[in-house]
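Scroll down for the structure; my scribbles are underneath it.
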Amino acid sequence: MIMLVLQVVGVTGVILLVEWPQLRQASKTTRWITFVLLGISGFLWVYVFRVIHFLRPADVLERMLKPFNPFN
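The sequence shown runs 524 to 595 under this note's numbering.
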């Protein structure tokens, strides 16, 4: 868990380091939206890698199409 959080913090830091000149010139609203989206994506990253039985769209599609598979 600690490694996942450190990865998220590292990637977020790199993104902010690269984008900081543009973010400094942007409005406060744009800056806050960027921070919120980075936080949400970091939370989702930790959640997806931490939860074992995460619902993936490909699994749902496979279950829906399984009755139509001619090679059972």
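Quick reminder that beta carbons are idealized off the backbone N, C-alpha and C, glycines included.
Sort 527, 535, 576 by Cα distance to residue 560 and report the nearest one.
535
Any contact between the segment 573 to 580 and the segment 550 to 557? By contact I mean 3 or more CB pairs, one from each, below 8 Å.
no
Could you check if residue 541 is buried or exposed, using at least 16 other CB atoms within 10 Å of its CB as the buried criterion?
exposed
What is the C-beta distance between residue 569 and residue 537, in whole angstroms, given that I count them as a contact (C-beta under 8 Å)?
That pair is no contact at about 17 Å.
DSSP state of residue 587 mapped onto helix, strand, coil
helix
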